[in-house]
Structures are given as C-alpha cells and as structure tokens.
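Take a look at the structure below.
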Amino acid sequence: MAVNRFVLNGISYHGHGAINEIPGIVKSKGFKKAFVASDPDLVKFGVTAKVTDLLKENSIEYELYSDIKPNPTIENVLHGVDAYKASEADFMITIGGGSSMDTGKAIGIIINNPEFADVRSLEGVAPTKKRTVFTIAVPTTGGTGAESTINYVITDVEKKRKFVCVDPNDIPDVAVVDPDMMASMPKGLTASTGMDALTHAIEGYTTAGAWELSDCLDLEAIKLIAANLRKAVENDPDGREGMALAQYVTAMAYSNVGLGIAHSMAHTLGAVYDTPHGVACAMMLPIVMEFNKEYTGEKYKSIAEAFGIDTTGMDQATYRQAAIDAVQQLSIDVGIPTKLEKLKEEDLPFLCESAAADACAPGNPRPASLEQFEEMFRKLM
Ligand SMILES: NC(=O)c1ccc[n+]([C@@H]2O[C@H](COP(=O)([O-])OP(=O)(O)OC[C@H]3O[C@@H](n4cnc5c(N)ncnc54)[C@H](O)[C@@H]3O)[C@@H](O)[C@H]2O)c1
Ligand SMILES: [Fe+2]
Numbered sequence: 084m085a086v087n088r089f090v091l092n093g094i095s096y097h098g099h100g101a102i103n104e105i106p107g108i109v110k111s112k113g114f115k116k117a118f119v120a121s122d123p124d125l126v127k128f129g130v131t132a133k134v135t136d137l138l139k140e141n142s143i144e145y146e147l148y149s150d151i152k153p154n155p156t157i158e159n160v161l162h163g164v165d166a167y168k169a170s171e172a173d174f175m176i177t178i179g180g181g182s183s184m185d186t187g188k189a190i191g192i193i194i195n196n197p198e199f200a201d202v203r204s205l206e207g208v209a210p211t212k213k214r215t216v217f218t219i220a221v222p223t224t225g226g227t228g229a230e231s232t233i234n235y236v237i238t239d240v241e242k243k244r245k246f247v248c249v250d251p252n253d254i255p256d257v258a259v260v261d262p263d264m265m266a267s268m269p270k271g272l273t274a275s276t277g278m279d280a281l282t283h284a285i286e287g288y289t290t291a292g293a294w295e296l297s298d299c300l301d302l303e304a305i306k307l308i309a310a311n312l313r314k315a316v317e318n319d320p321d322g323r324e325g326m327a328l329a330q331y332v333t334a335m336a337y338s339n340v341g342l343g344i345a346h347s348m349a350h351t352l353g354a355v356y357d358t359p360h361g362v363a364c365a366m367m368l369p370i371v372m373e374f375n376k377e378y379t380g381e382k383y384k385s386i387a388e389a390f391g392i393d394t395t396g397m398d399q400a401t402y403r404q405a406a407i408d409a410v411q412q413l414s415i416d417v418g419i420p421t422k423l424e425k426l427k428e429e430d431l432p433f434l435c436e437s438a439a440a441d442a443c444a445p446g447n448p449r450p451a452s453l454e455q456f457e458e459m460f461r462k463l464m
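84 is the number of the first residue of the sequence shown in my numbering; add one for each residue after it.
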C-alpha cells in the first residue's frame, strides 16, 4: 500500500449543546480576546449570538467580523485581515457555513503567513510555513464540513472563478459540531447543504485517492445521510444530529483524499452565477455519477446498499443504476431543482474550461474532456 497521509482536527465535540464547551476551551488556553467571523444573516437571526452570548456570560472579550458573503470573495478576506489586525484578538472563532469558516481560514493563514497577503497566491497547495491562528470552528450548516478540512474556497470576482486552497496549516484546532446551531436552517438550505455532504461522500468514496480509511468514513456518511436527510429537512432533532455527524465524518475523509468533477462543475457555477454551493453540487451529482459509473468497480453496489437497497442477484449495470436512482430520488424528495435557468449557451466554453482547470478535477475516477463537460452542463438546461 502507498503511504497515505491523514490530517484531522486536534479535538472535536459533537452533540446537542456542544457549544457550551467553548468557554472552557478558551479559558484552558488562556486566550484573552476572540475574533469572531460570521455572516450578516447569522448575526441578524441570532445564530451567532448563541455562541457570543456564552462568551459574554463568561467575560470573554470578542470582536465580531461579518463582512462575509456566501461564496466569499478575496475582498471579504482582505477586509477580514485588516479587521483581525485592528482587533488585537489572540484567537479566532468561526461561526457559520462553509463561507464563514473558509473566510476565517484564509484570514488566519494570512495573519501568520503575511507573504500570502495577496490571497490569490494561496491557490492550490500553498507552501505556508506557519499554522493559522488558533481556531475554534462552529458549523451552522450540515454541510461543507469545513470545520474539519484542510481546504477553503475563495471567489475571485474579477476573474469569475472560485479557487480551492489546500493547506494542512489551515485545519481548525477545535471543531464544535452542535446540531442545535443548524436548527434554524430553512428547508431549502438543509436540503442543499445535506446534498453537498452526500456529494462529498460519494465523490470521496469513488475518487482516485480513496483508500480503506476514507472508504469506511464515506460509507458510514452515506448511510447516515440516506437515513437522516429527509428527517433533517423536516427539522426533526434526530435527523439534524445525524446530518451534523454525517457531514463531519465525510469531511474527515474527502479533506484527505479529494473529490471529483461534480465539485469542479459546482465551483464554476458558483463563480459565474453565484449558485449556492450545495444546490450546484446536488444538481451535478447524479449527472456525474452516470458519467463515472463504468470507472467505479463495485463501489456503486456499496452505495446502493448504504441506501438500504437489497442488491442480492443484481448484476453490475443494475446495482449501478440503483445507486444513481437512489441519489436522484433523495434529491427530488428534498426539493432540489434539476435545471439551472441562468445557464446560458454562450457561457458554456468558459464553464467547461474553468471546470477542467479546477483543483478537484484530477481526482475524478474518469477523466473528462471539454466536450464531455459540455454534455454534462447541457443536462441542466
Ligand atoms: N472548506 C471546505 O472544505 C469546503 C467544502 C465544501 C464547500 N466549501 C465552500 O463553502 C461555501 C458554502 O457553504 P455552506 O453551503 O455551508 O453555506 P454558506 O456558508 O454559504 O451559507 C449560505 C447561507 O445560509 C445561511 N445560513 C447558514 N447557517 C444557517 C442557519 N443555521 N440558519 C439560517 N441560515 C443559515 C447563511 O447566512 C448564508 O446566507 C462555498 O463557498 C463552498 O465552496 C468549502
Ligand atoms: Fe462541497
């Protein structure tokens, strides 16, 4: 077996009420002031306050930074770096979905590695020398799993592209995965972020670099999502808890082994049309599963079984179709659209070039040509 590297959080907390651990963590480290990165809607709807109220009750000083938009931009990071410096904070708490956690990751990396202050030079595997500032990450979607990954994704508005940064120095020190932080998600957001997690699990399970350790995490995540996403969309607390765990478990895996072209195409749609990441992933996933099916050995059999399908007596073509159908059905049941009205004929050449150049593309089990990318994008029209 080849040598495989696995990077994980130092500590993670899971379960209803996990955020109550935060003041104790801060005090045990002797930190004085938190830089809290969160987005404006989370501040407005009182989600951020669930954590900042705990800080207040425990006399822990903090500065709130909320200039963060979904599909966060280079500007969000640059303003954040200035705000961090002005705050005189000595650690960071990121509260939000992938957008808040990713912005916080980029800010923390630049604070401790100022030679990357232009942000763009962090694309790909950036040779940073120092760890990010000490970070406690609190996800509010279920979700990207960015609290346990070595990646972050930033949008270059000028060049109309999202770029992925891969850097073990950015993994948060502590992840606090509390399903109650996700309870305020509306149905559509629960559905789309849950389908993002399923895309991580299926792409991570079938990606070129997958191996035994990532496979067992991804298969467990697929089982949890198949059993819990519909319930989470109905705001059932057990469903929420199952999804909070599932999105974390698969993130442990994909962060280390990579993804595939459903993500390459989703990143491109996010950059060009500002399509929410989860929606873009959910729309691409069944299309890409169909494209990859001949290159996945017996893996779709395990995926079908993780969805509770009895594959006894099924030949390869049948169980592969059963796995794709199960994913498509889940996507329909939770209300994901199958067409993207914004997608325009004249944008196709740029979309295909951009997806082919994305950092996730080399991990796909089947290489895709520009023509094949176009065929797949066309299925959304
Ligand atoms: N770092 C990684 O490893 C990684 C992995 C996958 C995706 N991403 C990136 O993460 C971003 C997407 O993150 P996301 O899907 O978690 O969504 P998000 O952070 O972009 O948030 C989307 C919207 O949902 C709202 N929201 C979040 N939590 C809520 C809650 N509990 N209640 C009510 N509203 C809530 C936010 O305010 C925001 O308006 C994309 O930029 C994507 O590329 C990063
Ligand atoms: Fe994703």
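Ideal Cβ positions, reconstructed from N, Cα and C, are used throughout, including at glycine.
Owing to the predicted nature of the structure, the values given are computational and were not obtained by experimental measurement.
Nearest-angstrom Cα separation, counted from Val-260 out to Ala-101 = Here residue 101 is taken as the residue at index 18 of the sequence shown, counted from 1. Here residue 260 is taken as the residue at index 177 of the sequence shown, counted from 1. Straight-line Cα distance between these residues: approximately 7 Å.
If we ignore side chains and look at the alpha-carbon of each, how far apart do Tyr-402 and Thr-394 end up?
-> As a first step, residue 402 must be located in the sequence shown, where it is residue number 319. As a first step, residue 394 must be located in the sequence shown, where it is residue number 311. Computed Cα separation, rounded: 6 Å.
Would you list the residues whose beta-carbon is nearer than 7 Å to any heavy atom of ligand 2, in the order they occur in the chain?
-> Thr-227, Asp-279, Thr-282, His-283, His-346, Ala-349, His-360, Cys-364
Which listed residue (His-283, Ala-442, Ser-338) has its alpha carbon closest to that of Ser-231 = Indexing the sequence shown from 1 puts residue 231 at position 148. Looking at the Cα atoms, Ser-338 is the closest of the given residues.
Start-end ranges of the alpha helix (DSSP H) lying completely within the stretch 367-406, minimum 4 residues = 382-389
Going by other Cβ atoms of all chains shown within 10 Å of its Cβ, with 16 needed for buried, is Gly-187 buried or exposed?
-> As a working note, residue 187 is residue 104 in the sequence shown. The residue in question, Gly-187, is buried, as its Cβ has 16 or more Cβ neighbours within 10 Å.
Cβ-heavy atom distance between Thr-223 and ligand 1 below 6 Å?
-> The residue you call residue 223 lines up with position 140 of the sequence shown. At least one heavy atom of ligand 1 is nearer than 6 Å to the Cβ of Thr-223, so yes.
Contact test: Tyr-148 Cβ vs ligand 1 heavy atom, cutoff 6 Å = Here residue 148 refers to the residue found at position 65 when the sequence shown is read from its first residue. Every heavy atom of ligand 1 is 6 Å or more from the Cβ of Tyr-148, so no.
Hey, Ser-149 and Pro-123: beta-carbon distance below 7 Å or not?
-> Numbered from its first residue, the sequence shown carries residue 149 at position 66. Numbered from its first residue, the sequence shown carries residue 123 at position 40. Yes, the pair counts as a contact, with Cβ atoms nearer than the cut-off.
Would you check whether ligand 1 has a heavy atom nearer than 6 Å to the C-beta of Asn-339?
-> The residue given as residue 339 occupies position 256 in the sequence shown. Not under cutoff, so the answer is no.
Residue closest to Gly-226, alpha-carbon to alpha-carbon, out of Thr-238, Ser-182, Thr-290 = For the purposes of this step, residue 226 is identified with residue 143 of the sequence shown, where counting begins at 1. Looking at the Cα atoms, Ser-182 is the closest of the given residues.
Under the criterion of a Cβ to heavy atom distance below 6 Å, does Asp-124 qualify as lining ligand 1?
-> By 1-based counting over the sequence shown, the position of residue 124 is 41. It does: the Cβ of Asp-124 is within 6 Å (strictly closer) of some heavy atom of ligand 1.
Closest residue to Thr-224 among Glu-198, Thr-215, Glu-381, Met-264 (Cα-Cα distance) = Reading the sequence shown from its first residue, position 141 is the one you call residue 224. When only C-alpha atoms are compared, the closest one is Met-264.
Enumerate in chain order the residues of its own chain whose CB-to-CB distance from Glu-458 is below 8 Å, with the five nearest sequence positions on each side excluded.
-> As a working mapping, residue 458 is identified with position 375 in the sequence shown. Once the five neighbours on either side are set aside, Glu-458 has no close Cβ partner at all.
Buried/exposed call for Ile-419, threshold 16 Cβ in 10 Å | Counting from 1 along the sequence shown, the entry for residue 419 is found at position 336. Classification for Ile-419: buried.
Counting Cβ pairs closer than 8 Å, one from the stretch 307-319 and one from the stretch 357-374, do we hit at least three?
-> no
Identify every run of the beta strand (DSSP E) within the stretch 258-327, keeping only runs that are complete inside it and at least 3 residues long; order them along the chain.
-> none
Cross-strand partners of Pro-222 (DSSP beta bridge) = Within the sequence shown, numbered from 1, the residue matching residue 222 stands at position 139. According to DSSP, which records beta bridges pairwise, Pro-222 is partnered with Gly-179.
Would a C-beta distance cut-off of 7 Å place Arg-244 and Ser-437 closer than the cut-off?
-> Locating residue 244 in the sequence shown gives position 161, where the first residue counts as 1. Locating residue 437 in the sequence shown gives position 354, where the first residue counts as 1. Yes, Cβ-Cβ distance for Arg-244 and Ser-437 is below 7 Å.
In the DSSP assignment, find the beta strand (DSSP E) that holds His-97 and state where it starts and stops.
-> Taking the sequence shown and counting its residues from 1, one reaches residue 97 at position 14. Here the beta strand (DSSP E) through His-97 covers 94-97.
Is the stretch 342-358 touching the stretch 284-292 in the sense that three or more CB pairs, one from each, lie closer than 8 Å?
-> yes
Span of the beta strand (DSSP E) around Arg-244 | Numbered from 1 along the sequence shown, position 161 holds the residue referred to as residue 244. Its beta strand (DSSP E) spans residues 244-249.
From the DSSP output, which residues share a beta bridge with Tyr-235?
-> On the sequence shown, residue 235 is found 152 positions in, with the first residue counted as 1. BP columns for Tyr-235 point to Cys-248.
What separation, rounded to the nearest whole angstrom, lies between the Cα atoms of Ala-442 and His-350?
-> Taking the first residue of the sequence shown as position 1, residue 442 is located at position 359. Taking the first residue of the sequence shown as position 1, residue 350 is located at position 267. So the two alpha carbons sit approximately 10 Å from each other.
Buried versus exposed, by CB contacts within 10 Å (16 or more), Asn-92 | Along the sequence shown, one-based indexing puts residue 92 at 9. The residue in question, Asn-92, is buried, as its Cβ has 16 or more Cβ neighbours within 10 Å.
For Val-208, which of helix, strand or coil comes out of DSSP?
-> Here residue 208 corresponds to residue number 125 of the sequence shown, with the count starting at 1. In the structure shown, Val-208 sits in a strand (DSSP, three-state: E or B).
Check whether the Cβ atoms of Ile-157 and Asp-250 sit closer than 7 Å, and answer yes or no.
-> Along the sequence shown, one-based indexing puts residue 157 at 74. Along the sequence shown, one-based indexing puts residue 250 at 167. The answer is no: Cβ separation not under 7 Å.
Start and end residues, alpha helix (DSSP H) containing Lys-127 = Here the question's residue 127 lines up with position 44 in the sequence shown. Start and end: 123-127.
Would you kindly work out how many angstroms separate the C-alpha atoms of Thr-273 and Ser-385, rounded to a whole number?
-> The count along the sequence shown starts at 1 and reaches residue 273 at position 190. The count along the sequence shown starts at 1 and reaches residue 385 at position 302. About 25 Å.
Best match in Pro-269, Gly-129, Asn-234, Thr-421 for proximity to Arg-461 [C-alpha to C-alpha] = As a first step, residue 461 must be located in the sequence shown, where it is residue number 378. Answer by Cα proximity: Thr-421.
In chain order, each alpha helix (DSSP H) run of at least 4 residues that lies wholly inside the stretch 101-159 | 105-112, 123-127, 130-140
What separation, rounded to the nearest whole angstrom, lies between the Cα atoms of Asp-253 and Ala-365?
-> For this step, residue 253 is matched to residue 170 along the sequence shown. For this step, residue 365 is matched to residue 282 along the sequence shown. Distance between the alpha carbons of Asp-253 and Ala-365: 26 Å.
Cβ of Met-268 versus every heavy atom of ligand 1: is any distance shorter than 6 Å?
-> The residue labelled residue 268 in the question sits at position 185 within the sequence shown. Answer for Met-268: yes, Cβ within range of ligand 1.
Could you tell me how far apart the beta carbons of Ile-237 and Val-160 are, in whole angstroms, since I believe they sit closer than 8 Å?
-> In the sequence shown, counting from the first residue as 1, residue 237 sits at position 154. In the sequence shown, counting from the first residue as 1, residue 160 sits at position 77. So it is a contact: roughly 6 Å between Cβ atoms.
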